[in-house]
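What follows is a set of notes on a single structure, which appears directly below.
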Amino acid sequence: MELGSLQDPSKATFSFVDEDHTLANAVRFSLNQDPRVSFCGYSIPHPSDARVNIRVQTTGDPAREVLKDGCQNLMLMCQHVRSIFDKAVDDCRKNNHMEMETSIDD
Amino acid sequence: MSKQENTENKKFSIWDLPDVPMGQLPPHLQLQRTRVVCKADAPIHTDNIIYSGAYASMGIDNSVHLGSFRDNFKVEVIRLTKDDMEFDMIGIDAAIANSFRRILISELPTMAIEKVLIANNTSLIQDEVLSHRLGLIPISADPRLFEYLSANDTPNEKNTIVFKLHVRCKRGEPRRTVYSEELKWLPNGSEFIKESEKVDTKPSTYTSFTCSQDSLQNSSSKPIGPAEDKIILAKLGPGQEIELEAHAVKGIGKTHAKWSPVATAWYRMLPEVVLLEDVEDETAEELKKKCPVNVFDIEDIGNGKKRATVARPRACTLCRECIRGEEWDKRVALRRVKDHFIFTIESAGALPPEVLFPEAVKILEDKCERVITELS
Ligand code: SF4
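Below, the structure is given as structure tokens:
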């Protein structure tokens, strides 16, 4: 759900149902890294409501598009994290394997 | 104002300050940006400066571009065993590291016993307490092979795993303990017959499996069953008996902790211990003795002189013992690196830890994707 004014699309509050700090804080981070964003923050209006509000104010671009880009960025970051992690685990396995082999040789 | 101070004030001009090269933060700001500094009473600079324009006036771009993130992000696996792992994640913000941690604990699905059909229980332990204990047993079954069971679904081979427990302690025998290994997996579904009024209908059970689950294979070689064999479920006295069926379904830790795939998952920032001045001789000995986890070593620098060195900063628990007392905070600085996380995952047994982490990252990706599709 998006709340904002029709005249000025550069400021809006987005309300996500069934989300919490997990997504909101990560999105806030990735939006604040975007030079087009002049303000971004989030709040959880009530702890027993599964809902989080994200406020986005930009320097001119539509807030909706900037938010979408922020999520896109976060997604690409996650994909990178995953590939690097898998590579690190593989490396660790290979090293352990080699160590085991040398210890057998000894 | 004294005359001397006056002249000093006059002499001081902003133009006399050393130039800070453009595109580089002055050292004190760089420290504030990248380190948490732990003082004797409380840590300072604990917040992350994430606003992209925070240093715009100094000509410094504080935004993180995907490219620079890709170049700087590193993972190093420190320890990897069957059910726990430790790794270093370098070059990522706490906001994202924390999202991963939160997802690991409360949003990764696993299978856990949700429904217990008790046919007979004459043991000391009450039905509801026994059911609760059963629920908390980690089940080694790959949750990715199953679907969620929603309120008006019938339990079938895609969303339910059925276990049977039938144990008895015969009269005249010593008391016995019931272990989780005695839960037997029923790949063909429930064996309890539902009572129905119509006598002529085919007898139905509490699940409606259309085929056996035999073909389902865990990622590890372990068959579907409790992740641990020796979890005590109950104790039986002579003549007591338990007969029940337990139905495990898919769920997430947010609903109930029994679905959490990790015993726990946590991270800490990399400690950095810095000696601000040379600590020598007796003071060096004293410093070495102060630290309970042996962070400092002593090296010989010739002429019978000794100097303290920081040998194992990673072991530092930040007890702040070494900066207690007069003058010590001028010799030692305790810091934490803001973008270096020592991440530890302890798996409860459903999936190995090196699978859990990528799954958690995938869930964050899915969340982003959901937002994007909802907004477009
Ligand atoms: S804070 Fe504690 S553990 Fe860390 S170096 Fe000082 S005395 Fe050792």
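Chains as they are written, first to last, in the UniProt record's numbering: chain S, 1 to 106; chain G, 1 to 376.
The beta carbon of each residue, even a glycine, is placed where N, CA and C say it ideally should be.
Query, Result
"Could you pull the start and end residues of the alpha helix (DSSP H) that G:Asn72 belongs to?", "66-72"
"For chain S, check one thing: does any of its Cβ atoms lie closer than 8 Å to the Cβ of G:Lys170?", "no"
"So, is G:Gly253 buried or exposed, given that buried needs 16 or more other C-beta atoms within 10 angstroms?", "buried"
"Hey, could you find the ends of the alpha helix (DSSP H) G:Lys288 is sitting in?", "281-290"
"So if DSSP puts G:Trp328 in a beta bridge, which residue, or which two residues, is it bridged to?", "According to DSSP, G:Trp328 bridges with nothing at all."
"Does DSSP put G:Gly225 in a helix, in a strand, or in coil?", "strand"
"Mapping DSSP to helix, strand and coil, what is S:Thr58?", "strand"
"I need the residues with a C-beta less than 6 Å from some heavy atom of the ligand SF4; please give them in chain order.", "G:Val273, G:Lys290, G:Cys291, G:Val293, G:Val295, G:Cys316, G:Thr317, G:Leu318, G:Cys319, G:Arg320, G:Glu321, G:Cys322, G:Leu334"
"Should the segment 205-213 of chain G be regarded as contacting the segment 255-273 of chain G, the criterion being three or more beta carbon pairs within less than 8 Å?", "no"
"Whose C-alpha, out of G:Pro43, G:Leu25, G:His28, G:Arg33, is nearest the C-alpha of G:Asp329?", "G:Pro43"
"On the criterion of 16 or more Cβ atoms from any shown chain inside 10 Å, does G:Glu114 qualify as buried, or is it exposed?", "buried"
"Roughly how many angstroms lie between the CA atoms of G:Gln32 and G:Leu165, to the nearest whole one?", "59 Å"
"Could you name the residues of the same chain whose beta carbon sits closer than 6 Å to that of G:His100, not counting the 5 residues immediately before and after it, in chain order?", "Residue 100 of chain G is actually Phe in this sequence, not His. Answer for G:Phe100: Ala360, listed in chain order."
"Where DSSP assigns a beta bridge to G:Met58, which residues make up the other side?", "In the DSSP output, where bridge partners are listed per residue, G:Met58 has none listed."
"Whole angstroms are fine: how far does the CA of S:Val56 sit from the CA of S:Ala12?", "6 Å"
"Anything in the segment 316-342 of chain G with a Cβ closer than 8 Å to a Cβ of chain S? List those residues in chain order, please.", "none"
"Quick one: complete beta strand (DSSP E) runs, 3+ long, within the segment 330-374 of chain G?", "332-347"
"For S:Ser43, count the other beta carbons within 10 Å of its own beta carbon; 16 or more makes it buried, fewer makes it exposed. Which is it?", "exposed"
"Out of S:Leu3, S:Thr59, S:Phe85, S:Thr22, which has the shortest C-alpha to C-alpha gap to G:Gly53?", "S:Thr59"
"Restricting to Cα atoms, I'd like to know which of G:Leu351, G:Leu375, G:Asn62 is closest to G:Thr81.", "G:Leu351"
"Does DSSP put G:Asn152 in a helix, in a strand, or in coil?", "coil"
"From what residue to what residue does the alpha helix (DSSP H) around G:Asp127 run?", "127-135"
"DSSP beta-bridge partners for G:Val75?", "G:Met89"
"Pick out whichever of G:Glu86, G:Gly189, G:Asp93 has its Cα sitting closest to the Cα of S:Cys92.", "G:Glu86"
"Quick one: Cα of G:Pro226 to Cα of G:Asn294, how far?", "41 Å"
"Quick check on DSSP: helix, strand or coil for G:Asp300?", "strand"
"At a CB distance below 8 Å, what residues from the segment 41-57 of chain S approach chain G? Give them in sequence order.", "none"
"Got a sec: which bits of the segment 62-79 of chain S sit with their beta carbon under 8 Å from any beta carbon on chain C, in order along the chain?", "The structure shown contains no chain C; its protein chains are S and G."
"What's the C-alpha gap between G:Asp297 and G:Asp84?", "30 Å"
"Measure the beta-carbon distance from G:Leu136 to G:Lys235 and round it to whole angstroms, keeping in mind my assumption that it falls under 8 Å.", "With 8 Å as the limit, G:Leu136 and G:Lys235 do not qualify as a contact, their Cβ atoms being about 17 Å apart."
"From what residue to what residue does the alpha helix (DSSP H) around S:Leu23 run?", "21-32"
"Which residues in the same chain have their Cβ closer than 8 Å to the Cβ of S:Asp86, if we skip the five residues on either side of it in sequence?", "none"
"Taking just the CA atoms, how far does G:Val371 sit from S:Met75?", "11 Å"
"Suppose contacts are defined by Cβ-Cβ distances below 8 Å. Is G:Lys367 in contact with S:Glu19 by that definition?", "yes"
"What's the C-alpha gap between S:Asp8 and G:Val337?", "41 Å"
"Taking DSSP as the reference, what is the three-state secondary structure of G:Lys254?", "coil"
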